[in-house]
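Below: one structure, written as structure tokens.
2 protein chains.
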Amino acid sequence: MMNYQTYLIDLDGTMYRGKDKIPEAKIFIDRLNEKNLDYYFLTNNTTKTPQQVADNLMNNHQITADAKHVVTPSLATADYVKNMFDDDVSNHSAYVIGEYGLKSAIFGTGIKLNEVDPDVVIVGLDYDVTYHKFELATLAIKRGAFFIGTNADTNLPNERGLVPGAGSVISLVETSTQQKAKYIGKPERDIVDYAVSEKGFDPKTAVMVGDNYNTDIKCGLNAGIETLLVYTGVSTHEDIAKETRKPTHEVESLDQWDV
Amino acid sequence: MMNYQTYLIDLDGTMYRGKDKIPEAKIFIDRLNEKNLDYYFLTNNTTKTPQQVADNLMNNHQITADAKHVVTPSLATADYVKNMFDDDVSNHSAYVIGEYGLKSAIFGTGIKLNEVDPDVVIVGLDYDVTYHKFELATLAIKRGAFFIGTNADTNLPNERGLVPGAGSVISLVETSTQQKAKYIGKPERDIVDYAVSEKGFDPKTAVMVGDNYNTDIKCGLNAGIETLLVYTGVSTHEDIAKETRKPTHEVESLDQWDV
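Which chain is which? The protein sequence lines are A and B, in order.
FYI, our numbering numbers position 173 of the first sequence as 160, with every residue one higher than the one before it.
FYI, our numbering numbers position 207 of the second sequence as 194, with every residue one higher than the one before it.
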């Protein structure tokens, strides 16, 4: 078995379940730290900043994390947008549907806000989305703006059930524009490529760890990175039995994994 | 050529173009009235009440119309909902995303409003739609509520361009619930079946008149009603050339049609 040098780790279902702790997850991260191995949390959450994500891990789950450990579609999308243009990104403009986590990353690049005729429209999860925002995004994309969706997750869990995720919000704009978005988050390889280039690790000695075959494991497969499925979240043994492309490794809990 | 007794007539693109008049349309309706022929306006607009639709025709286009001439997916959906239950509709409940035209029709049946655990969720165009409304609809449908979409139009024109229509709003809920809605408006035959039973005309001597192949003409084809395409709106000669199922009749303008 490969001695992985870098762990790319999902959050919900892998490090915790909503507000509930997964005790083996904290122990797993402690063991990575003891061996001085690299790890990054690859989440599809775009609503929070890296610092907010790290604070939640530290304060609510006692998992050692700082903002540098966190990789989100917000950061990867901001990087993608910066690289879209030959000249300086501050010569260009964007319209964003999303929460502060996404907006701070995108406008942190220096790109200008433009509600009418932007170069790029970025759509992610927005708990305050309105018809007016959908109208602005639709008209801008129809005028020729490049259309990015942060991530395709159709749902996310909250205390009331499975509520609409970024992929649902994006699907409205895909229908109204009759265009597919360019996606960045898991299972797209873009978020891994961003992590590799930003953090400077070797993907050949990295492993993607997660509970969800359709996001985490497919992302590893798409990026050519080995994968470790942990059965503490979404995917079941029955789900995996149906898949022709299996995870590299499978464990019931992270306690079963020797780092 | 058949002497049609009943004309089912589209509005935007057929009777007017947005705020712009189509003079032949007023003359056409005047000719129908001279011959004492039946006519009904079959629109996919769910935001306005029949009286508001008739007032717009009368006041802004000098087209003779009263509320009884107007058939909308709001009315047809209300009728569909009434017929869903064996017992009285007032024993049941609904959650509605839509404007007043839709809500007044649905709650006019006597069905109760229920945001948490309704029997049926109805989604249509809502200029004040929010994430919260999408969340309520999603959770209710996932709990088992029957899912109705008023009409599938992806866009509608306004003075700023082609903005999101009911079909776009509904697609968000289809994605978040992973379920297809039951549609009522054109091109579904449900709205015609409602008109036939409510107005009491013979579909064999009726004709569907409209400018849009994908809504008006397909609706006639689905309902087994003859069709008259008028080239004053969306569909072009090139569009119709590609279709294997042609309209029964085609005219450049309604002036060319002998009633």
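Just so you know, even glycine gets a beta-carbon here, dropped at the ideal spot from N, CA and C.
query = Considering only C-alpha positions, which residue in the set A:V221, A:Q(-8), A:N70 and A:L215 is nearest to G97 of chain A?
reply = Here the closest residue by C-alpha is A:N70.
message = Between which two residues does the alpha helix (DSSP H) holding D180 of chain B run?
response = Per DSSP, D180 of chain B belongs to the alpha helix (DSSP H) from D177 to K186.
key: Continuous alpha helix (DSSP H) stretch holding M71 of chain A: start and end   = It is not in any alpha helix (DSSP H) - M71 of chain A carries neither H nor E in the DSSP assignment.
query = According to the Cβ coordinates, are A92 of chain A and L62 of chain A closer than 8 Å?
reply = With respect to the 8 Å criterion, A92 of chain A and L62 of chain A are classified as neighbours on the basis of their beta carbons.
task = Taking N295 of chain A as the query, report the chain B residues whose CB atoms sit under 7 Å from its CB, ordered along the chain.
result = This structure cannot settle anything about residue 295 of chain A, because the visible part of chain A is limited to -12 through 246.
query = Looking at the C-beta of T1 of chain B, does it have a partner C-beta in chain A at a distance below 8 Å?
reply = No - not a single Cβ of chain A is within 8 Å of the one on T1 of chain B.
ask   = Does the beta carbon of L126 of chain B come closer than 8 Å to any beta carbon on chain A?
value = The C-beta of L126 of chain B comes closer than 8 Å to at least one C-beta of chain A.
request  = Can you pull the chain A residues whose beta carbon is under 7 Å from the beta carbon of L149 of chain B, in chain order?
outcome  = Near L149 of chain B (Cβ distances below 7 Å), the residues of chain A are K129.
query = Does the stretch 109 to 126 of chain A touch the stretch 155 to 170 of chain A, meaning 3 or more C-beta pairs lie closer than 8 Å?
reply = Yes, they touch.
ask   = So D(-3) of chain B and D245 of chain B are in contact, right, with Cβ under 8 Å, and what is the actual spacing, rounded?
value = About 19 Å separates the beta carbons of D(-3) of chain B and D245 of chain B, which is beyond the 8 Å limit, so they are not a contact pair.
task = Quick one: residues in its chain with C-beta nearer than 6 Å to the C-beta of K90 of chain B, no 5 flanking neighbours on either side, listed in chain order?
result = Sequence-distant partners of K90 of chain B (beyond 5 residues in either direction) whose C-beta falls short of 6 Å from its own C-beta, in its chain, are V83.
Burial state of A168 of chain B (16 or more Cβ within 10 Å) = Burial is judged here by how many other beta carbons sit within 10 angstroms of a residue's own beta carbon; A168 of chain B has at least 16 and is buried.
message = Between Y82 of chain B and chain A, is the shortest Cβ-Cβ distance under 8 Å, so that the two count as touching?
response = By this cut-off, Y82 of chain B is not an interface position.
ask   = Which of the three DSSP states, helix, strand or coil, is assigned to N80 of chain A?
value = The question names Asn, but residue 80 of chain A is Ser in the sequence shown. In the structure shown, the three-state DSSP call for S80 of chain A is strand.
query = Going along chain B in order, which residues have a C-beta closer than 7 Å to the C-beta of S155 of chain A?
reply = By Cβ distance, chain B contributes L159, T162 and S163.
Supposed close pair V217 of chain A, S240 of chain A - CB separation, criterion 8 Å = The Cβ separation is near 7 Å, so the contact holds.
ask   = Which of helix, strand or coil does DSSP assign to P174 of chain B?
value = In the structure shown, P174 of chain B falls within a coil segment according to DSSP collapsed to helix, strand and coil.
inquiry  = Check whether chain B comes within 8 Å of D115 of chain A, counting only Cβ atoms and requiring the distance to be less than that.
reply    = Answer yes: the Cβ-Cβ gap between D115 of chain A and chain B drops below 8 Å somewhere.
query = Going by beta carbon distance, what residues of the same chain come within less than 6 Å of T202 of chain A, once the five residues before and after it are set aside?
reply = Taking C-beta separations shorter than 6 Å and ignoring five residues to either side along the sequence, the partners of T202 of chain A in its chain run K173 and P174, following chain order.
task = Check K22 of chain B in the structure and name its three-state DSSP category.
result = In the structure shown, K22 of chain B adopts coil according to DSSP, grouped into three states.
query = With 8 Å set as the bound, which would you pick, yes or no: does the beta-carbon of E213 of chain A sit closer than that to a beta-carbon of chain B?
reply = Closer than 8 Å: no.
ask   = So which of B:F134, B:H119 and B:Y87 has the shortest CA-CA distance to D106 of chain B?
value = Closest option to D106 of chain B, Cα to Cα, is B:F134.
query = Quick one: complete beta strand (DSSP E) runs, 3+ long, within the stretch 112 to 154 of chain A?
reply = Listed in chain order, the complete beta strand (DSSP E) runs (minimum 3 residues) inside the stretch 112 to 154 of chain A are 133 to 136, 142 to 145 and 148 to 151.
8 Å Cβ cut-off: residues of chain A touching E122 of chain B = Here the neighbours are R147, V150 and P151.
Any 3 or more C-beta pairs closer than 8 Å across the stretch 230 to 239 of chain A and the stretch 11 to 20 of chain B = No, the stretch 230 to 239 of chain A does not touch the stretch 11 to 20 of chain B.
message = Given this structure, state the Cα-to-Cα distance separating L208 of chain B from T214 of chain B, to the nearest angstrom.
response = Between L208 of chain B and T214 of chain B, the C-alpha separation is close to 8 Å.
task = Give a yes or no on whether 8 Å exceeds the smallest Cβ distance from Y87 of chain A to chain B.
result = Y87 of chain A does not count as touching chain B.
task = Would you kindly work out how many angstroms separate the C-alpha atoms of G211 of chain A and F188 of chain A, rounded to a whole number?
result = Cα to Cα, G211 of chain A sits roughly 14 Å from F188 of chain A.
query = Near V267 of chain A, what residues of its chain come up, given a Cβ to Cβ distance below 6 Å and the 5 sequence neighbours on each side ignored?
reply = Residue 267 of chain A lies beyond the range of chain A shown here (-12 to 246); nothing can be said about it.
key: Neighbour flag for Y200 of chain B against chain A, beta carbons, 8 Å   = Residue contact check for Y200 of chain B against chain A: no CB pair falls below 8 Å.
Identity of the residues DSSP links to D198 of chain B by a beta bridge = DSSP output for D198 of chain B lists no bridge partner at all.
task = Tell me whether L112 of chain A is buried or exposed, calling it buried when 16 or more other Cβ atoms sit within 10 Å of its Cβ.
result = When all chains shown are included, L112 of chain A counts as buried.
ask   = Using the beta-carbon count (16 or more within 10 Å), is T223 of chain B buried or exposed?
value = Exposed: under 16 other Cβ atoms inside 10 Å.
message = Given this structure, state the Cα-to-Cα distance separating A182 of chain B from G136 of chain B, to the nearest angstrom.
response = Each residue's Cα considered, the two are about 18 Å apart.
key: As assigned by DSSP and simplified to three states, the class of R193 of chain A   = For the record, residue 193 of chain A in the displayed sequence is Ala; it is not Arg. Three-state DSSP puts A193 of chain A in a strand.
inquiry  = Quick check on E269 of chain A: does DSSP put it in helix, strand or coil?
reply    = In the structure as shown, chain A begins at -12 and stops at 246. Residue 269 of chain A is therefore absent and cannot be evaluated.
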